[in-house]
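Enquirer: Okay, here's the structure, questions in a sec.
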Amino acid sequence: MVTRGFTGRGSGGDQSSRIPPGQHLVENFPVLTAGPTPDVDTSKWNFTVKIGPKPVKVWNWSQFNALPQTKVKKDIHCVTSWSKLDTAWEGVLIEDILADAGLEHPTDFVLAHSYDGYSTNVPLADLLSDKAMVALKYAGQPLARDHGGPARLLVPHLYFWKSAKWVKALQFTMRDEAGFWELRGYHIYGDPWREQRYTHD
Numbered sequence: 001m002v003t004r005g006f007t008g009r010g011s012g013g014d015q016s017s018r019i020p021p022g023q024h025l026v027e028n029f030p031v032l033t034a035g036p037t038p039d040v041d042t043s044k045w046n047f048t049v050k051i052g053p054k055p056v057k058v059w060n061w062s063q064f065n066a067l068p069q070t071k072v073k074k075d076i077h078c079v080t081s082w083s084k085l086d087t088a089w090e091g092v093l094i095e096d097i098l099a100d101a102g103l104e105h106p107t108d109f110v111l112a113h114s115y116d117g118y119s120t121n122v123p124l125a126d127l128l129s130d131k132a133m134v135a136l137k138y139a140g141q142p143l144a145r146d147h148g149g150p151a152r153l154l155v156p157h158l159y160f161w162k163s164a165k166w167v168k169a170l171q172f173t174m175r176d177e178a179g180f181w182e183l184r185g186y187h188i189y190g191d192p193w194r195e196q197r198y199t200h201d
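Going letter by letter, the sequence shown gives residues 1 to 201 in full-length UniProt numbering.
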């Protein structure tokens with residue numbers, strides 16, 4: 001098992017310095033979704049990397065789980081104002097996914113797509129350098145459906161709506177294309193430390 005820390009703010013020290021402006025600390029893990037929770041059977045699950053509309057590589061569940069696994073512990077921040085510290089995740093780093101697909105830097109922008117029709121945009125730079133993963137486990141257990149299981153995107157340095165639940169594809173795009181919440185008034189980038197909650201923040 002490989003353990004590589006995501007870069008950025010770490011654990012320890014004064015907790016107040018780890019909570020962005022406008023956020024409050026929670027001990028539980030609130031469940032928020034844009035619609036009904038899908039029931040994704042791992043026997044039918046697959047994950048695709050695409051450049052534009054063209055698939056480059058598709059993994060089934062067993063193939064994806066055979067990729068290098070990384071453990072991280074990170075703080076997460078929801079746009080609805082809660083923050084949870086020291087959350088423990090395990091999954092496949094985005095650079096490990098791209099390496100297995102034979103890709104390095106196809107374009108500067110990515111749309112993440114989910115099994116429930118949800119999407120969100122993230123610059124590729126915010127997915128590389130150990131900043132993001134497709135998470136398969138939380139707190140040592142398979143990821144629960146309510147929290148995006150069997151697999152979700154994890155981009156902990158951005159507001160948590162960017163960490164798309166039930167993720168099924170990463171699509172490289174030529175421009176920064178808005179996803180579900182971005183089209184409905186949320187910020188195109190979503191940095192919690194700059195309180196980028198809504199379009200004009």
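For each residue, glycine too, the CB sits at the ideal point set by N, CA and C.
Quantities reported herein were computed from a predicted structural model and do not represent experimental measurements.
#1: In terms of residues, what are the limits of the beta strand (DSSP E) holding PHE109?
#2: DSSP on ALA101, reduced to helix/strand/coil?
#3: With DSSP run on the structure shown, which of helix, strand or coil describes LYS54?
#4: Label SER114 either buried or exposed according to how many other C-beta atoms from any shown protein chain fall within 10 Å of its C-beta, with 16 as the threshold for buried.
#5: Assuming contact is defined by CB atoms lying nearer than 8 Å, are PHE64 and LYS168 in contact in what I supplied?
#6: Between the C-alpha atoms of TYR189 and LEU128, what's the straight-line distance to the nearest angstrom?
#7: Below 8 Å on the Cβ atoms is my guess for PRO30 versus TRP82; work out the distance and round it to an integer in Å.
#8: In three-state terms, what does DSSP make of SER43?
#9: With burial defined as no fewer than 16 other Cβ atoms inside 10 Å of the residue's Cβ, what is the status of SER163: buried or exposed?
#10: Please state the DSSP three-state secondary structure of GLN69.
#11: Would VAL49 and LEU170 be called neighbours here (beta carbons separated by less than 8 Å)?
#12: Leaving out five residues on either side along the sequence, give the residues of the same chain with a beta carbon under 7 Å from the beta carbon of LYS96.
#13: Roughly how many angstroms separate the alpha carbons of LEU153 and LEU143, rounded to a whole number?
#14: Express the C-alpha separation of ASN121 and TRP59 in angstroms, rounding to a whole number.
#15: List the DSSP bridge partners of VAL134.
#16: Going straight from the alpha carbon of ASP176 to that of HIS105, what length do you get?
#17: Can you tell me where the beta strand (DSSP E) holding VAL167 begins and where it ends?
#18: Got a sec? Which residues, its chain only, sit under 7 Å from THR42 by beta carbon, not counting five neighbours each side?
#19: Taking the alpha carbon of LEU111 as the reference point, which residue from LYS165, THR173, ILE76 has its own alpha carbon closest?
#20: According to the Cβ coordinates, are HIS77 and TYR159 closer than 8 Å?
#21: Which stretch, first to last residue, makes up the beta strand (DSSP E) that contains LYS119?
Expert: According to the data block:
#1: 109 to 114
#2: helix
#3: strand
#4: buried
#5: no
#6: 16 Å
#7: 6 Å
#8: coil
#9: buried
#10: Judged by DSSP in its simplified three-state form, GLN69 adopts coil rather than helix or strand.
#11: yes
#12: Per the sequence shown, the amino acid found at residue 96 is Asp instead of Lys. So the qualifying residues of the chain are LEU67, PRO68.
#13: Answer to the nearest angstrom: the Cα atoms are 11 Å apart.
#14: Each residue's alpha carbon lies about 21 Å from the other.
#15: VAL92, LEU153
#16: Their backbone Cα atoms lie some 15 Å apart in a straight line.
#17: It spans 167 to 173 - the beta strand (DSSP E) in which VAL167 sits, taken as one unbroken run.
#18: TRP61, PRO150
#19: A check of alpha carbon separations from LEU111 across LYS165, THR173, ILE76 identifies THR173 as the nearest.
#20: yes
#21: The sequence shown places Ser at residue 119, rather than the Lys named in the question. Unbroken beta strand (DSSP E) run through SER119: 119 to 123.
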